[in-house]
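Q: Chains A and B supply the protein sequences, listed in that same order.
Adding 22 to a residue's 1-based position in the first sequence gives its number in our numbering.
Adding 22 to a residue's 1-based position in the second sequence gives its number in our numbering.
Where is the CB? At the ideal position from N, CA and C, for every residue including glycine.
Protein chains: 2
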Amino acid sequence: MFNGVFMYLCIWASIYYYEIEDIIPLSLSGTITILVGFIIYHSAKAYHVSSGMTKRDGYLIVTFGWVLMAFSGSLPYIISGTIPEFTSAVFETISGYSTTGASVLNDIESVNKDILLWRSLTQWIGGMGIIVLTVAILPILGIGGMQLFVAEAPGISPDKLQPRIKETARRLWIIYVSLTAIELVLLMLGGFNFFDALNHSFTTMATGGFSTHNSSAVEFSPYIQYVLIVFMFLAGMNFTLTYFGVHGKIRKVWENEEFRLYTLMIAVVTTVLTAVVYNSGWANGDLEKTFRDVLFQTISIITTTGFVSADYTLWPHFAVMIIFMLMFVGASAGSTAGGVKIVRHIILVKNAFLSFKRQLHPKAIIPVRLNGKSVNESVVYNVLAFMMVYILIYTLGVVTLAALGVDFITSLGAVATSLGNIGPGFGLVGPMDNFSNLSQPVKWVLSFFMLIGRLELFTVLMLFTPFFWRRIH
Amino acid sequence: MFNGVFMYLCIWASIYYYEIEDIIPLSLSGTITILVGFIIYHSAKAYHVSSGMTKRDGYLIVTFGWVLMAFSGSLPYIISGTIPEFTSAVFETISGYSTTGASVLNDIESVNKDILLWRSLTQWIGGMGIIVLTVAILPILGIGGMQLFVAEAPGISPDKLQPRIKETARRLWIIYVSLTAIELVLLMLGGFNFFDALNHSFTTMATGGFSTHNSSAVEFSPYIQYVLIVFMFLAGMNFTLTYFGVHGKIRKVWENEEFRLYTLMIAVVTTVLTAVVYNSGWANGDLEKTFRDVLFQTISIITTTGFVSADYTLWPHFAVMIIFMLMFVGASAGSTAGGVKIVRHIILVKNAFLSFKRQLHPKAIIPVRLNGKSVNESVVYNVLAFMMVYILIYTLGVVTLAALGVDFITSLGAVATSLGNIGPGFGLVGPMDNFSNLSQPVKWVLSFFMLIGRLELFTVLMLFTPFFWRRIH
Chain A
23 MFNGVFMYLC IWASIYYYEI EDIIPLSLSG TITILVGFII YHSAKAYHVS
73 SGMTKRDGYL IVTFGWVLMA FSGSLPYIIS GTIPEFTSAV FETISGYSTT
123 GASVLNDIES VNKDILLWRS LTQWIGGMGI IVLTVAILPI LGIGGMQLFV
173 AEAPGISPDK LQPRIKETAR RLWIIYVSLT AIELVLLMLG GFNFFDALNH
223 SFTTMATGGF STHNSSAVEF SPYIQYVLIV FMFLAGMNFT LTYFGVHGKI
273 RKVWENEEFR LYTLMIAVVT TVLTAVVYNS GWANGDLEKT FRDVLFQTIS
323 IITTTGFVSA DYTLWPHFAV MIIFMLMFVG ASAGSTAGGV KIVRHIILVK
373 NAFLSFKRQL HPKAIIPVRL NGKSVNESVV YNVLAFMMVY ILIYTLGVVT
423 LAALGVDFIT SLGAVATSLG NIGPGFGLVG PMDNFSNLSQ PVKWVLSFFM
473 LIGRLELFTV LMLFTPFFWR RIH
Chain B
23 MFNGVFMYLC IWASIYYYEI EDIIPLSLSG TITILVGFII YHSAKAYHVS
73 SGMTKRDGYL IVTFGWVLMA FSGSLPYIIS GTIPEFTSAV FETISGYSTT
123 GASVLNDIES VNKDILLWRS LTQWIGGMGI IVLTVAILPI LGIGGMQLFV
173 AEAPGISPDK LQPRIKETAR RLWIIYVSLT AIELVLLMLG GFNFFDALNH
223 SFTTMATGGF STHNSSAVEF SPYIQYVLIV FMFLAGMNFT LTYFGVHGKI
273 RKVWENEEFR LYTLMIAVVT TVLTAVVYNS GWANGDLEKT FRDVLFQTIS
323 IITTTGFVSA DYTLWPHFAV MIIFMLMFVG ASAGSTAGGV KIVRHIILVK
373 NAFLSFKRQL HPKAIIPVRL NGKSVNESVV YNVLAFMMVY ILIYTLGVVT
423 LAALGVDFIT SLGAVATSLG NIGPGFGLVG PMDNFSNLSQ PVKWVLSFFM
473 LIGRLELFTV LMLFTPFFWR RIH
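(1) Check each residue of the segment 345 to 377 of chain A: if its Cβ is closer than 8 angstroms to any Cβ of chain B, include it; give the result in chain order.
(2) Could you pull out every residue in the same chain whose Cβ sits closer than 7 angstroms to the Cβ of residue 154/B, ignoring the five residues on either side in sequence?
(3) Measuring alpha carbon to alpha carbon, tell me which residue in 37/A, 90/A, 252/A is nearest residue 61/A.
(4) List, in order along the chain, the chain A residues whose C-beta lies closer than 8 angstroms to that of residue 417/B?
(5) Expressed to the nearest angstrom, what Euclidean distance is found between the alpha-carbon atoms of residue 343/A and residue 409/B?
(6) Can you give the Cα-Cα distance for residue 87/B and residue 160/A, rounded to whole angstroms?
(7) Is the shortest distance between the beta-carbon of residue 183/A and the beta-carbons of chain B less than 8 angstroms?
(8) Helix, strand or coil, according to DSSP, for residue 392/B in the structure here?
(9) In whole angstroms, what is the alpha-carbon distance linking residue 357/B and residue 195/B?
(10) Closest to residue 466/B by CA distance: which of 107/B, 262/B, 80/B is it?
(11) Check the Cβ of residue 411/A against every Cβ in chain B and list those closer than 8 angstroms, keeping chain order.
(12) What is the rounded straight-line gap between the Cα of residue 539/A and the Cα of residue 331/A?
(13) Is the separation between the beta-carbon of residue 231/A and that of residue 445/A shorter than 8 angstroms?
(14) Output the residue ranges of the alpha helix (DSSP H) runs that lie fully inside the segment 422 to 466 of chain A and measure 4 residues or longer, sorted by chain position.
(15) Three-state secondary structure (DSSP) at residue 177/B?
(16) Report yes or no: do the segment 299 to 306 of chain A and the segment 315 to 322 of chain A share at least 3 C-beta pairs separated by less than 8 angstroms?
(17) Since residue 219/A contacts residue 201/A with CB under 8 angstroms, what's their CB separation in whole angstroms?
(18) Beta-carbon separation of residue 85/A and residue 142/A under 8 angstroms?
(19) Here's the rule I'm using: 16 or more other beta-carbon atoms within 10 Å means buried, otherwise exposed. How should residue 23/A be labelled?
(20) Taking Cβ-Cβ distances shorter than 9 angstroms, what residues in chain A pair up with residue 407/B?
(21) Which residue's Cα is closest to the Cα of residue 419/A: 162/A, 469/A, 92/A?
(22) Would you mind telling me which residues of chain B sit closer than 7 angstroms to residue 425/A, beta carbon to beta carbon, in chain order?
(23) Please state whether DSSP places residue 350/B in a helix, a strand or coil.
(24) So residue 234/A packs on residue 258/A, CB below 8 angstroms; how close in whole Å?
(25) First and last residue of the alpha helix (DSSP H) that includes residue 266/A?
(26) Residues in the segment 482 to 493 of chain B with C-beta within 8 angstroms of chain A's C-beta atoms, listed in sequence order?
(27) With DSSP as the reference, label residue 293/B as helix, strand or coil.
(28) So with Cβ pairs under 8 angstroms, would you call residue 333/A a contact of chain B?
(29) For the candidate residues 80/A, 216/A, 124/A, 98/A, whose alpha-carbon lies nearest to that of residue 32/A?
(30) Check whether the Cβ atoms of residue 401/B and residue 389/B lie closer than 8 angstroms to each other.
(31) Hey, quick one: how far does the alpha helix (DSSP H) through residue 91/A stretch, first residue to last?
(32) Nearest CA to the CA of residue 20/B: which residue from 241/B, 239/B, 237/B, 249/B?
(33) Are the C-beta atoms of residue 480/A and some chain B residue less than 8 angstroms apart?
(34) Run down chain A in chain order and give the residues with a C-beta less than 8 angstroms from the C-beta of residue 77/B.
(35) Buried or exposed: residue 416/B, going by 16 or more other Cβ atoms within 10 Å of its Cβ?
(36) Rank 395/B, 326/B, 365/B by C-alpha distance to the C-alpha of residue 438/B and give the top, closest one.
Right, here's the structure in full:
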């Protein structure tokens, strides 16, 4: 119903830009979406009252909720005729809601502005959905160590679960909306018109990466690019930390290990790659532009936003490889970024390191410590399981794409960028290309990967296990 | 001392082939090696008597034992002038002892036969070393779940550790030597002379892959290739299972999950790739040759032998990708094969699958089961740690090589093939090339990777942790 309302809101753009032909498609999409939502809401309410919610219901509701959003969200594209083909329209929608930013549109600038607004909105809505998902739902389902950072969330009171979740989500949404508004103003101060500023603010804060320009951020002014850099960085931060930062608890931000590594990685990668790329003669030896391009791409990939300011595939091999590896990093948990997330890498590396110590002293209990506290062994186990499944699913994805005839480099990049909700990849889906030329089966596979990546793998994949459907309790 | 004796034995080849110039180098190498061994043996014996052995001593002795072997084993190459450069000679020796099979020799056929015999012997000795290491030492050090299959070893009696280990090692060595002898005879029946048959038997059973021919197995007759296929397969089996098989306990072999998956993977990969490669017009549509080439390469890579019967880099992308992935499989634990090993993959995949079940029922205890028995949680944890370290180290290796100026594809292949003790890779170190053109730093890095891969990572890397050197107890 919420999505349907947003479709209706896009009609303001139809009116302002005289795109009268889209008013009926948008109204129709909005009406259908709200109606379907209304029916489901009331059936679900009845069910909830009669039997209560189980953990199983949680997995089903989240997964099918997102699938339903993918289908209803594609209505404006299909009915308006912007993307008439069903597969491509669903791909674009999932790419939106999952905040990936991979597009099938060849000429973005020729698309009506109201539809582009809807496209950017799908990402912004997706970002909002992810915040509530990570704060409220994934920790209850116990997925991949997502409990880790939620324990730090503001407004915590373990005995009152319901109010805490609502309150936490509300506070983080305020941060999200405020940052979007501030970015909007800063972009307009840099010469962006309201439409461009609004769309890019939506897709930055969602770490989505849809742009209203064909060449993404390549032709933007240095000022605009720096604004995007700052807000991509903020969008990749744990919103809980931002909340603390805003309330003056700077120390709490700086003492957070994930935030420190996030900052450190960006600093180190940018420094090294600036040197490497500068030496290769990039930008005719313009050091500032080289630094800016490298910083932009590093932050864009690590935060899984996917804006493109430079064709990184033209950089030296070493730089390309690092960019590829960044696709498996992901930014902070509790942000709108996708991928593995830095906190998981911290747990994994610390645990790998400590496993040497455990081997030397098999009887000693040697816990992983994070932010000065011992991490529960079951959380470490969950993180290990998450990483294993991530690698397994990634490998399966690459094999599947290769079996569908996609070349090796494109497969490696397309699956990494889909699973990590990034956007651009390598080969045929490089930063200067889009996903329109891929075959329909490949688009479905990648849509599936965007969805499972966004829902932290376990939420969706759980439905494919036999024991999920077996009623034990 | 044992190695020194083998160097002396190579003098028989010098005499038989009139390679008189090598008699002094071989005698000198043998004498130095035996002398150094004698000195260390007696110092160590004194130490052992005075203070007993700790677990720490285990790591140190194994690692430095292998490093010492690498240096002493290179003496015949250096003193004879076959490989005068120190770095390359050590690389070739480590490649031998670690049963990798990566070579720096450009023209193998021009090398004196006694030196080639020594080269093959390093692999055969390495294979013997690995058997005793996996049976006797790694389980005590508790490395990466190596306890798993040793519990199944013949002659087990937990209260009498010392005699059990000696007896087990003796029984497995008998299998090893017998299979080498049988292969020798079968190769000679196929027209090989004694020298070629002996060398290839040595390097097959060690899953080493050094050949005495420049083109490896490309020009061998189908009969010879099939013999190699069979014995590579046997060398990649758990020698304990072979022992049971020889003693008529066929059921015990077939019920072993690792063996079943080993067989199944080879069957599935060979079937699929035969179809793919055949369709690409390989071998002018000769189905038998295509099947043989695919089967040969599949077994050669999965067992980490590294013989080459066909340039697999010319196959379709999909086949190349599968070959690359096979480099991360490894054959059975308790064989002479390197790499991750299939039993670890079984544990990892089962555990990943069960982690879904655990998420659904957080309070239930859901153990991983192998061969019908529950696997201890600490073993699963060890396997997970091993895999994480493997991935971490692999990634670091690829970055290091790229930073040293090696291109992306070559880096990916060279590190995978070194760490997995396979032999051929991709790019500049593809199946038709060798490692001679790499720079000295790259050779050292790869030598290090061959060593840590062979010693199951933890044995060597332990020495690089700060807590290893801290005396807590």
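A: According to the structure data:
(1) 347, 370, 371, 373, 374, 375, 377
(2) Result list for residue 154/B: 191, in chain order.
(3) Considering only alpha carbons, the answer is 90/A.
(4) What residue 417/B touches in chain A, judged by beta-carbon distance under 8 angstroms, is 347, going in chain order.
(5) 22 angstroms
(6) 50 angstroms
(7) The predicted model places residue 183/A with a pLDDT of 47, which falls under 50 and marks its position as unreliable; any figure quoted below should be read in that light. No, its Cβ sits nowhere closer than 8 angstroms to a Cβ of chain B.
(8) Taken through DSSP and simplified to helix, strand or coil, residue 392/B comes out as strand.
(9) Taking the straight line from one Cα to the other gives about 11 angstroms.
(10) Nearest of 107/B, 262/B, 80/B to residue 466/B, Cα basis: 107/B.
(11) 374, 377
(12) The requested residue 539/A does not occur in the structure, where chain A is confined to residues 23 to 495.
(13) yes
(14) Qualifying alpha helix (DSSP H) stretches, in chain order: 430 to 441.
(15) Confidence at residue 177/B is low in this model, with a pLDDT of 47, below 50, so its placement is unreliable and the value that follows should be read with caution. Assigned with DSSP and collapsed to three states, residue 177/B falls in coil, not helix or strand.
(16) yes
(17) With a Cβ gap of about 14 angstroms, residue 219/A and residue 201/A do not count as contacting.
(18) no
(19) Its Cβ having fewer than 16 others within 10 Å, residue 23/A is exposed.
(20) 373, 374, 376, 377, 378, 380, 381, 406
(21) 469/A
(22) In chain order, 340 make up the part of chain B whose C-beta sits under 7 angstroms from the C-beta of residue 425/A.
(23) coil
(24) The pair is not a contact, with the Cβ atoms about 22 angstroms apart (cut-off 8 angstroms).
(25) 261 to 268
(26) 483, 484, 487, 489, 490
(27) helix
(28) no
(29) It is 98/A whose Cα lies nearest to the Cα of residue 32/A.
(30) Pairing residue 401/B with residue 389/B gives a Cβ-Cβ distance that is not under 8 angstroms.
(31) 77 to 95
(32) In the structure displayed, chain B extends from 23 to 495; residue 20/B sits before or after that span and is not available.
(33) yes
(34) 382
(35) buried
(36) The shortest Cα separation from residue 438/B among 395/B, 326/B, 365/B belongs to 326/B.
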